[in-house]
Each structure stands twice: as C-alpha cells, then as structure tokens.
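Novice: Before I ask anything, here is the structure I am working with.
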Amino acid sequence: MIEPFRSDFNARFTEAKYAALTERLDRESSTKIEFRMAETPCFFEEAFLEKIVQAGVELTEQLVNDAAYLERSRAAIPAEYHAPGQGSHPHFMTVDFGLVRNAAGELEPKLVEMQAFPSIFGFQPAFGRAYKEIFDLDPRLRYTFGDLTDEAYWALLREVIVADHDPANVVLLEIDPEHQKTLPDFRLHEKHLGIRIVDIATLEKQGSELFYRDPKNGGKLTRIERIYNRAIVDELLRKQVKLPFDYRDELRVEWAGHPNWYFGISKFSIPYLDHPTVPAAVFLDDWFAGSGRDRLPAEREQWVLKPLYSFAGKGISFAPTDAELRAIPEEERHNFLLQERVKFEPVIRTPEGMTQAEIRILYVWPEGKRMVPMTNLVRMGRGMMMGVDHNRDKTWVGGTAGLYLPATK
Numbered sequence: 000m001i002e003p004f005r006s007d008f009n010a011r012f013t014e015a016k017y018a019a020l021t022e023r024l025d026r027e028s029s030t031k032i033e034f035r036m037a038e039t040p041c042f043f044e045e046a047f048l049e050k051i052v053q054a055g056v057e058l059t060e061q062l063v064n065d066a067a068y069l070e071r072s073r074a075a076i077p078a079e080y081h082a083p084g085q086g087s088h089p090h091f092m093t094v095d096f097g098l099v100r101n102a103a104g105e106l107e108p109k110l111v112e113m114q115a116f117p118s119i120f121g122f123q124p125a126f127g128r129a130y131k132e133i134f135d136l137d138p139r140l141r142y143t144f145g146d147l148t149d150e151a152y153w154a155l156l157r158e159v160i161v162a163d164h165d166p167a168n169v170v171l172l173e174i175d176p177e178h179q180k181t182l183p184d185f186r187l188h189e190k191h192l193g194i195r196i197v198d199i200a201t202l203e204k205q206g207s208e209l210f211y212r213d214p215k216n217g218g219k220l221t222r223i224e225r226i227y228n229r230a231i232v233d234e235l236l237r238k239q240v241k242l243p244f245d246y247r248d249e250l251r252v253e254w255a256g257h258p259n260w261y262f263g264i265s266k267f268s269i270p271y272l273d274h275p276t277v278p279a280a281v282f283l284d285d286w287f288a289g290s291g292r293d294r295l296p297a298e299r300e301q302w303v304l305k306p307l308y309s310f311a312g313k314g315i316s317f318a319p320t321d322a323e324l325r326a327i328p329e330e331e332r333h334n335f336l337l338q339e340r341v342k343f344e345p346v347i348r349t350p351e352g353m354t355q356a357e358i359r360i361l362y363v364w365p366e367g368k369r370m371v372p373m374t375n376l377v378r379m380g381r382g383m384m385m386g387v388d389h390n391r392d393k394t395w396v397g398g399t400a401g402l403y404l405p406a407t408k
C-alpha cells in the first residue's frame, strides 16, 4: 500500500524473478511448494501493522483472563478430545484481520477469526527474506516484528517448541505430513530446530509413553517427550484416522500447543468478544431460539455461516437461506456460527487490478512471559474467499509476506 514501494515493485517485476522466488523456496524447504504464492509482497505502514498486532493481543488476553469464558469453552470440547494438562494460556495464536473501509472512509482492521493453533511459522520468514533478496528490495524492510532478527526468531521458536529437550525427542505431529500442502513449513522447522516430522497414525504407545520410529537413526524406537501439535481434529474425523492413543490418556508427554486450545480460542470465541474490531456473531442454535438475532445485519447478503471447527474455509456459506440453516440437524447447530460478513476493501494495486488482503498475525506465548508477535502472513484474493485454495486459478493473488519500514531510531 505504501509508496514508493508499491509502484516500484510493479514496475520492476519480471516473471523470471518470480520463477527464481519459487525455485529458491522449493530448494530451501526441500520440497515442491503446492500452494499458490503471490507474485508480490504487500507493503504496509508500521503504525497500521502495530494497530493490528495490538488488537490481536487485546482479543486474546480478553479471553484468557475471562474465567467464565474459559469454563464455557472447555465445556464445548468434544469429550473424546479433551486432553489433560492444559496450561493457563496457549503457546501459539493466529489472528486474522480483513481490511475494511469504515463510515469515515478510513481503512481499519476487522476480525475474521482467531485460533490458538500454530500457523506457518517456519515458512514465513524464509518467504519474506526471499522477496527482499530476489527482487532487490530496500534492505530496511522487515517481515518480523519488534527487534527480532532471524536468529532471535528461531531461538524464540526453539524455546517454545523444543524447550529443554533433545530435539530427537520432540516431534512435529501431523496427519500424513508428507502429503500436506504445509510440508514446506514442516521441513523448515525440521531444518532449523532438528525436530522430527511424524505422522500421528504411526505413533506407538507403551503404557503412558508415546514413541516413534526415527528414520534418522535407523528406525530406532524413540520416546517422545514433547509434541509440536499440528494435527487438526476435524481432519482426523474427516479422514477417519485411527489413533494409537486416546487424547484423554494421562500421557508422559508435554504439548507445545496443547490440543484443548484449538477449541478454547477459535470461531467459538467471537460471540463473547467485546472489541471494535469484532463483527457481530451469534451461535446458530441461539439464533433459532430467537436469541441474538438483533446483532446481525438486516440484509441476509451480509451474513456468513461458518462451522466452528474447520480450517481453510471448509463449510463456509455466504448469505445462507432459511432452508440451508434448517438443514443443519438441531443437535449440530451449536457447532455453527452466523456472523456479519467482513467485506474486504481492495487495497493492493497490482497489474491485474486492485486486490483484497487478509492479514494474519502469528504470535508465540512462552511460559512465564507475554505474547510475542513474530511475523505475519498475508493472503491476497479477488473473490469471496481469501484462502489460497480459493484463488488457485488467478494471478497476483495467494499467500505472501507483509513488509514494513520500521521507524528510524
């Protein structure tokens, strides 16, 4: 958005440099990147990003400090996925904001959703650095927040993910990780932290301990002491994955990203939040009971129906009809949210026209410390949905990095 960076990038862009970007990131992540990477980074004012970063902290702390909310959110966890040992705060937070135009004509952030679950912490700094170097951008531009250098960034991730364990006893746990589109991110975590990437279905349980077969040590059965949890429950259910353990087990393992927090801070949180960035929202079962209907806009075209526990935009419906709402079984309606639609403002000028942007802020929360904003992920799109899967056949859209020029000190 900020000049002269936007105009200069558009003028100097070449397909050869974009090809070099993709080749470099394939090489760095030791795999073929399957999701769409945008041709351009986004350029933001530091003050605007700081406003968004602070909003994410305020929203998270509002929930974590609300004992009544935490009790309600714990009660909403499906019994078979309610794991013991949940800490007082999540280790990871991602908060997504759309850019909208307010009544005064000013751009402001509006919450899309928030999730106490990791995102692509490994890939994003490599992405931002690659844009800067391949497109010969101003070296002062930054993609991490605060005073985080790349070295400090990975040191903080090591503190949260590995802690004081031998990396060989720490696993990044996912469902069939070799076939996930986020595999490049996993590989970068493995490269920088020395941890192992493990398929959740291949674990072995002995008593209260979990083990994996270490391919870097001849398939030796190796005890897991800490889990960097990347397995999403709705995918476990959708793929009918047979687990070798029960989440309710009292396991001798630490969680870097306790699984309960996936439910604890999510779309479920939105109706409970009180903040200028938060759109109106009501649970579907409450809406049928007549509660909270006055929160939503009068025009049905401004509504969106969302399942509470899904990723990548699965199951979202715009302007849902009464028939569509009634089709959801009564016993399932508490798992759906009716929300005021966030109407994105096209703000990024590209050779393909003005393009919308959704900004995700990625935070970690180390034990005994405060939330730390790490970096960002921007998704550019020109359709109703912003996820990279929904913009696959377009150009100058997709996942990208947000760059900013820090104030001179």
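Per numbering that gives the first Met the number 0, the very first residue in the sequence shown carries number 0; after that it's consecutive.
Note that beta-carbon positions come from the ideal geometry of N, C-alpha and C, so glycine has one too.
Note that this is a predicted model, so its numbers are computed, not measured.
Can you name, in chain order, every residue of its own chain whose Cβ lies under 7 Å from the Cβ of D175, other than the five neighbours on each side?
Specialist: D198
Novice: Within a Cβ cutoff of 7 Å, which residues of the same chain sit near K241, ignoring the five residues on either side of it in sequence?
Specialist: A200
Novice: Quick one: what's L242 bridged to in DSSP?
Specialist: Per DSSP, none; premise fails for L242.
Novice: Find the nearest neighbour of H88 within the set A255, V341 and A400, judged by alpha-carbon distance.
Specialist: When only C-alpha atoms are compared, the closest one is A255.
Novice: Apart from the five residues just before and just after Y68, which ones in its own chain have a Cβ nearer than 7 Å to its Cβ?
Specialist: Closer than 7 Å at the Cβ level, and outside the excluded window around Y68, lie L62 and Y271.
Novice: Just curious, the beta strand (DSSP E) that V377 is in, first and last residue?
Specialist: V371 to G380
Novice: Since T399 sits in a beta bridge, which residues does DSSP pair it with?
Specialist: V377.
Novice: Going by the beta-carbon positions, is the gap between G398 and A37 smaller than 8 Å?
Specialist: yes
Novice: Under three-state DSSP, which class holds G314?
Specialist: In this structure, DSSP gives G314 a state outside helix and strand, which the three-state scheme calls coil.
Novice: Would E112 and K266 qualify as a contact pair, given that the criterion is a beta-carbon distance under 8 Å?
Specialist: Taking 8 Å as the Cβ cut-off, E112 and K266 qualify as a contacting pair.
Novice: Find out if the Cβ-Cβ distance for the pair M373, F120 is shorter than 8 Å.
Specialist: yes
Novice: Assuming K412 and P108 make a contact with CB atoms under 8 Å, what is their CB distance in whole Å?
Specialist: The shown model of the chain, from 0 to 408, leaves out residue 412, and the question about it has no answer.
Novice: Which residues mark the beginning and the end of the alpha helix (DSSP H) in which Q123 is found?
Specialist: F122 to I133
Novice: Can you check DSSP and say which residues form a bridge with G256?
Specialist: Partner(s): none; G256 has no beta bridge.
Novice: Where are the alpha helix (DSSP H) runs, 4 residues long or more, that stay fully inside the region 20–108, in chain order?
Specialist: 45–63 and 66–74
Novice: Which stretch, first to last residue, makes up the alpha helix (DSSP H) that contains P183?
Specialist: L182 to L192
Novice: Drop a sphere of 10 angstroms on the beta-carbon of M379, count the other beta-carbons inside from all chains shown, and report buried for 16 or more, exposed for fewer.
Specialist: M379 comes out buried.
Novice: Please determine if the region 301–309 and the region 319–335 are in contact, where contact requires at least 3 C-beta pairs separated by less than 8 Å.
Specialist: With a cut-off of 8 Å on Cβ pairs, the region 301–309 is in contact with the region 319–335, counting three or more such pairs.
Novice: In terms of DSSP beta bridges, what is N228 paired with?
Specialist: L172
Novice: According to DSSP, is F144 helix, strand or coil?
Specialist: coil
Novice: What's the C-alpha gap between Y362 and A326?
Specialist: Near 37 Å, if we compare the C-alpha coordinates of A326 and Y362.
Novice: Can you list the alpha helix (DSSP H) stretches of 4 or more residues lying completely in the region 268–339, in chain order?
Specialist: With a minimum length of 4 residues, the continuous alpha helix (DSSP H) runs that stay inside the region 268–339 are 283–287 and 321–325.
Novice: In this structure, how does DSSP classify V197 when only helix, strand and coil are distinguished?
Specialist: strand
Novice: Skipping 5 residues on each side, what residues in its chain have a beta carbon closer than 7 Å to that of A230?
Specialist: L172, E173, I174 and I199
Novice: Quick check on F343: buried or exposed, where buried means 16 or more other Cβ atoms within 10 Å of its Cβ?
Specialist: buried
Novice: Any idea which residues DSSP pairs Y362 with across the strands?
Specialist: Looking at the DSSP output, Y362 shares a beta bridge with M92 and P372.
Novice: In this structure, does DSSP put I160 in helix, strand or coil?
Specialist: helix
Novice: Against chain D, does L62 count as a neighbour if the rule is that its beta carbon must be under 8 Å from one of theirs?
Specialist: In the structure shown, chain D does not exist; there is a single protein chain.
Novice: Going by Cα to Cα distance, which pick from A78, A318 and W153 is closest to D248?
Specialist: A78
Novice: Could you give the distance in angstroms between the alpha-carbon of E177 and the alpha-carbon of R157?
Specialist: 22 Å
Novice: Cα-Cα, which of V56, P138 and V99 is closest to T354?
Specialist: V99
Novice: Based on Cα-Cα distance, which residue from V56, A46, F91 and K31 lies nearest to N259?
Specialist: F91
Novice: With a 10 Å radius around its C-beta and 16 neighbouring C-beta atoms as the bar for buried, classify E298 as buried or exposed.
Specialist: exposed
Novice: Looking at C-beta atoms only, is the number of pairs between the region 27–47 and the region 183–190 that lie closer than 8 Å three or more?
Specialist: yes
Novice: Is it buried or exposed for N228, if we count other Cβ within 10 angstroms and need 16 for buried?
Specialist: buried
Novice: Should H274 and A54 be called a contact, given that it needs their Cβ atoms to be closer than 8 Å?
Specialist: yes
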